[in-house]
Amino acid sequence: MTRRTSRRKALAVCGATSLASLAGCGSVSFGSSEPPQLELSMTNFSSEPQLLNLELLRTDADTRNEARVLDRSFELAASEGRGEAYSVPESPTVEDRRYLLRASLSGRPRRSQTHYHYYPDCRDADIETSVLAVDVFEDSERPEPYVFVENYGCQRDETEGE
Numbered sequence: 001m002t003r004r005t006s007r008r009k010a011l012a013v014c015g016a017t018s019l020a021s022l023a024g025c026g027s028v029s030f031g032s033s034e035p036p037q038l039e040l041s042m043t044n045f046s047s048e049p050q051l052l053n054l055e056l057l058r059t060d061a062d063t064r065n066e067a068r069v070l071d072r073s074f075e076l077a078a079s080e081g082r083g084e085a086y087s088v089p090e091s092p093t094v095e096d097r098r099y100l101l102r103a104s105l106s107g108r109p110r111r112s113q114t115h116y117h118y119y120p121d122c123r124d125a126d127i128e129t130s131v132l133a134v135d136v137f138e139d140s141e142r143p144e145p146y147v148f149v150e151n152y153g154c155q156r157d158e159t160e161g162e
């Protein structure tokens with residue numbers, strides 16, 4: 001003898017099964033909808049505090065106002081000794097795209113200014129963040145501290161795989 005299942009019970013079972021199969025999907029990424037990011041890392045390797053002025057401009061904009069993504073000054077504490085450095089605790093992060101970066105040290109001669117043309121290179125990699133380091137150095141060959149910019153390129157999240 002075959003037992004008939006009521007329509008209501010069948011729908012309840014199907015609904016519960018559907019919900020159970022979707023549980024946890026809110027945290028699953030089906031192809032990241034977030035664009036890759038560029039982190040601006042700032043570090044002071046000099047023995048004096050520095051005020052670092054950064055201007056980040058998009059290269060595809062028609063006007064300066066449209067181009068400006070970041071125009072900000074950062075107070076960098078002095079390094080605490082040889083090999084020690086001060087890094088800005090919360091680095092700004094922007095969309096990873098082509099930029100012109102202008103950096104200068106307040107109260108310093110024009111030769112302490114620099115600019116850098118950034119071109120993204122992580123588009124084909126499965127990496128979400130690139131790092132552009134804007135560092136302040138001093139050495140015996142230069143009379144004043146100077147800004148040095150380096151593209152560390154594609155960086156994996158340190159917590160990835162844990």
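When the letters of the sequence shown are read in order and numbered with UniProt numbering, they come out as residues 1 to 162.
Yeah, the Cβ is synthetic: ideal placement off N, Cα and C, and Gly gets one too.
Endpoints, alpha helix (DSSP H) assigned at R64: Start and end: 64–67.
L70 classed as buried or exposed, judged by whether at least 16 other C-beta atoms fall within 10 angstroms: By the neighbour-count rule (16 or more Cβ atoms within 10 Å), L70 is not buried but exposed.
S87 (DSSP reduced to helix, strand or coil): In this structure, S87 counts as strand in the three-state DSSP scheme.
Simplified DSSP assignment, three categories, for R108: Three-state result, R108: coil.
8 angstroms Cβ cutoff met for R102 and H117: Against a cut-off of 8 angstroms, the Cβ pair of H117 and R102 comes out as no contact.
D96 (DSSP reduced to helix, strand or coil): It is coil, neither helix nor strand.
Where the beta strand (DSSP E) containing T59 begins and where it ends: It is not in any beta strand (DSSP E) - T59 carries neither H nor E in the DSSP assignment.
Counted within 10 angstroms of its Cβ, other Cβ atoms place L76 as buried (16 or more) or exposed: L76 should be labelled buried.
Closest by C-alpha distance to residue 169, when choosing among S112, R142, S46: With the chain covering only 1 through 162, there is no way to say anything about residue 169.
CB of Q37 within 8 angstroms of CB of E128, strictly: Yes, the pair counts as a contact, with Cβ atoms nearer than the cut-off.
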